[in-house]
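> I'd like to ask you about the structure that follows.
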Amino acid sequence: MPEARAHVEREPASERDLVLRLRRGEEQAFERLVREQGGRLLAVARRFLRDEEEARDAVQEGFLSAYRSIDNFEQGSRLSTWLHRIVINACLMRLRSRRRRPEDSIEDLLPQFQADGHQVGHPTPDWEGSAETLLARGETRAIVRGAIDRLPDSYRNVLLLRDIEELSTEEAARSLGITANAVKVRLHRARQALRGLLEPHFRRAVSV
Amino acid sequence: MVGRLTDLACGDIAAGEARESKRHLARCEPCAGYWKCYRMTVALESEAYRDVGPQEIPEDFVRAILGAARPLLSGLSPRAWHLVHLLSGIAAAPLIAFYLR
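Taken in order, these protein sequences are the chains called A and B. For the first sequence, the working numbering gives the first residue as 1, with consecutive numbering after it. For the second sequence, the working numbering gives the first residue as 1001, with consecutive numbering after it.
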């Protein structure tokens, strides 16, 4: 997994034209933007918010906010990447404004380690096959998504931002208002917890 | 060791430490097993949403967004709207000040 996926793609001419038309306030340009990017952004918002209505509100908010600040869009970057970040921030704001309830601790999901760094108790059982063979099974993705949903929100959000939405550590830190180091720690703990949650599903059956 | 493995997975590790970690993995079966499952976890979760969700936006939702944007799109460019908002704010300020007094 690369630490940061640099977006070096150049802005295509059609996109440059779209931005110019948006800056002139053309309704057809805005509609084209919504039709081209809306489905993908709605899928992103659904992942974060897990509520259809809230996801739609966040995407709508994202489009309106993007339109209002289209003058701040930097030529040379990708419109899709810019919109993606705006919608993610809209989702994170919604998550923050949801009534806060005490989050479940992640500690129970984490493995225990000895002072020398080795895992306490039984060594990690081997998993069946490879990630590719597991992904070929129809139910694997649903199992993994179910496990991700069991993570406490502050860990789940970091995991989604870094591993699914492919934001860099620094971008994730900025979006969440935490330090880059805190992102790394949460990501590490989220992956560890996830590994523990997936283990019962994927460990190789031991022959007696 | 496990913390170092995570840095190894993220590529956030000095070359010397990376070599040392890999040497350890080559001779420590429990850590090698942990490392394998950790990497598989990352590979699985990175792919977990690839098959999800329609990538097309529902038509009713397109209409809702366009409806909500209509006041913004009614002939004025985003820059002009900023100016309108600024001027309305300035115009409203004395009224708000009067009301608050």
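Beta carbons are placed, not taken as given, at the ideal position from N, Cα and C, and that holds for glycine.
I'd like to check one pair, A:R94 with A:A58: are the Cβ atoms closer than 8 Å?
As a first step, residue 58 of chain A is located in the first sequence; it is residue number 58 there, counting from the start. As a first step, residue 94 of chain A is located in the first sequence; it is residue number 94 there, counting from the start. Their beta carbons are under 8 Å apart, which means A:A58 touches A:R94 by this criterion.
> Rounded to the nearest angstrom, what separates A:I86 and B:A1048 at their Cα positions?
Residue mapping note: residue 86 of chain A aligns to position 86 of the first sequence, counting from 1. Residue mapping note: residue 1048 of chain B aligns to position 48 of the second sequence, counting from 1. Near 23 Å, if we compare the C-alpha coordinates of B:A1048 and A:I86.
> If you reduce the DSSP assignment to three classes, tell me which class A:D75 lands in.
Counted from its first residue, the first sequence places residue 75 of chain A at position 75. Asp is not the amino acid found at residue 75 of chain A; the sequence shown has Gln there. Looking at A:Q75 - three-state DSSP - the assignment turns out to be strand.
> If distances are taken between C-alpha atoms only, which option among A:H201, A:P200, A:R191, A:R203 comes closest to A:E107?
Against the first sequence, residue 107 of chain A aligns to sequence position 107. If we check each option's Cα against that of A:E107, A:R191 comes out closest.
> Given a limit of 7 Å on CB to CB distance, which residues of the segment 17-42 of chain A reach chain B?
Residues passing the 7 Å Cβ filter: R23, R24, G25, E27, F30, E31, V34, R35, G38, G39, R40, L42.
> Using the Cα positions of B:E1045 and B:H1085, report the straight-line distance between them to the nearest angstrom.
Looking up residue 1045 of chain B in the second sequence gives position 45. Looking up residue 1085 of chain B in the second sequence gives position 85. One C-alpha to the other measures close to 44 Å.
> Just the chain B side, please: which residues come within less than 8 Å of A:A172 by C-beta, in chain order?
Residue 172 of chain A sits at position 172 when you count from the first residue of the first sequence. Ordered by position in chain B, no residue passes the 8 Å Cβ test against A:A172, which lies about 12 Å from the chain.
> Pick out whichever of A:S77, A:L161, A:V34 has its Cα sitting closest to the Cα of B:E1056.
Looking up residue 1056 of chain B in the second sequence gives position 56. When each option's Cα is compared against that of B:E1056, the closest is A:V34.
> At which residues does the alpha helix (DSSP H) containing A:R16 begin and terminate?
Position 16 of the first sequence, counted from the start, is the residue given in the question as residue 16 of chain A. Here the alpha helix (DSSP H) through A:R16 covers 13-23.
> Classify A:R203 as helix, strand or coil using the three-state DSSP reduction.
Within the first sequence, residue 203 of chain A is the residue found at index 203, counting from 1. Three-state DSSP puts A:R203 in a strand.
> How many angstroms separate the CA atom of A:P2 from the CA atom of B:K1036?
Sequence index remark: in the first sequence, residue 2 of chain A carries index 2 (1-based). Sequence index remark: in the second sequence, residue 1036 of chain B carries index 36 (1-based). Because the pLDDT of A:P2 is 42, which lies under 50, any placement of that residue in the model is unreliable, and the question is left without a value.
> From the beta carbon of A:R141, is the nearest beta carbon of chain B less than 8 Å away?
Counting from one through the first sequence, the residue named residue 141 of chain A turns up at place 141. So yes, A:R141 belongs to the interface.
> Of the residues A:Y155, A:L22, A:G62, A:A147, which one's Cα is nearest the Cα of A:R189?
Stepping through the first sequence from its first residue, residue 189 of chain A is reached at position 189. Out of A:Y155, A:L22, A:G62, A:A147, A:Y155 has the C-alpha closest to the C-alpha of A:R189.
> What's the gap between the Cα of A:E52 and the Cα of A:T169?
One-based indexing of the first sequence puts residue 52 of chain A at position 52. One-based indexing of the first sequence puts residue 169 of chain A at position 169. Going from the Cα of A:E52 to the Cα of A:T169 covers about 28 Å.
> With a floor of 4 residues, list each alpha helix (DSSP H) that falls wholly inside the segment 160-187 of chain A, ordered by position along the chain.
Fully enclosed alpha helix (DSSP H) runs of 4 or longer: 169-176.
> Return the Cβ separation of A:S175 and A:L187 in integer angstroms, given the expectation that the two are a contact with Cβ distance under 8 Å.
Indexing the first sequence from 1 puts residue 175 of chain A at position 175. Indexing the first sequence from 1 puts residue 187 of chain A at position 187. Not a contact, Cβ separation roughly 13 Å.
> Mind checking if B:E1017 is an interface residue toward chain A, Cβ cutoff 8 Å exclusive?
Locating residue 1017 of chain B in the second sequence gives position 17, where the first residue counts as 1. With 8 Å as the cut-off, B:E1017 does not count as an interface residue toward chain A.
> Could you give the residue range of the alpha helix (DSSP H) that holds A:E107?
Locating residue 107 of chain A in the first sequence gives position 107, where the first residue counts as 1. That residue, A:E107, is in no alpha helix (DSSP H); it is neither H nor E in DSSP.
> Please name the residues in the segment 61-84 of chain A whose beta-carbon is closer than 8 Å to at least one beta-carbon of chain B, in chain order.
Within the segment 61-84 of chain A, the residues whose Cβ lies closer than 8 Å to some Cβ of chain B are F63, L64, Y67, R68, S69, I70, D71, listed in chain order.
> Within 8 Å of any Cβ in chain B, is that where the Cβ of A:S86 sits?
On the first sequence, residue 86 of chain A is found 86 positions in, with the first residue counted as 1. Looking at the sequence provided, one finds Ile at residue 86 of chain A rather than Ser. No, A:I86 lies away from the interface with chain B (no Cβ there is under 8 Å from its Cβ).
> Among all the DSSP beta bridges, which residues are the ones paired with A:W82?
The residue given as residue 82 of chain A occupies position 82 in the first sequence. BP columns for A:W82 are empty, so no partner.
> Counting only the same chain and skipping the five closest in sequence on each side, list residues whose C-beta sits under 8 Å from that of A:R5.
Residue mapping note: residue 5 of chain A aligns to position 5 of the first sequence, counting from 1. Low confidence applies to A:R5: its pLDDT is 44, below 50, so where it sits in the model is not reliable enough to give any reading.
> At a CB distance below 9 Å, what residues from the segment 1059-1075 of chain B approach chain A? Give them in sequence order.
Those residues of the segment 1059-1075 of chain B that come within reach of chain A (Cβ to Cβ, closer than 9 Å) are F1061, V1062, A1064, I1065, L1066, A1068, A1069, R1070, L1072, L1073, S1074, G1075.
> In the DSSP assignment, find the alpha helix (DSSP H) that holds B:C1037 and state where it starts and stops.
As a position in the second sequence, residue 1037 of chain B is number 37, starting the count at 1. That run of the alpha helix (DSSP H) goes 1029-1047.
> Express the C-alpha separation of A:G129 and A:L135 in angstroms, rounding to a whole number.
Start at 1 with the first residue of the first sequence, and residue 135 of chain A comes out as number 135. Start at 1 with the first residue of the first sequence, and residue 129 of chain A comes out as number 129. About 10 Å.
> Taking the beta carbon of A:V208 as the centre, do at least 16 other beta carbons fall within 10 Å, making it buried, or is it exposed?
Locating residue 208 of chain A in the first sequence gives position 208, where the first residue counts as 1. Its pLDDT being 42, under 50, A:V208 is placed unreliably in this model, and the coordinates cannot settle the point.
> Using the beta-carbon of each residue, which ones in chain A are nearer than 7 Å to B:E1056?
For the purposes of this step, residue 1056 of chain B is taken as the residue at position 56 of the second sequence. Here the neighbours are G39.
> Quick one: residues in its chain with C-beta nearer than 7 Å to the C-beta of A:T140, no 5 flanking neighbours on either side, listed in chain order?
Stepping through the first sequence from its first residue, residue 140 of chain A is reached at position 140. L134.
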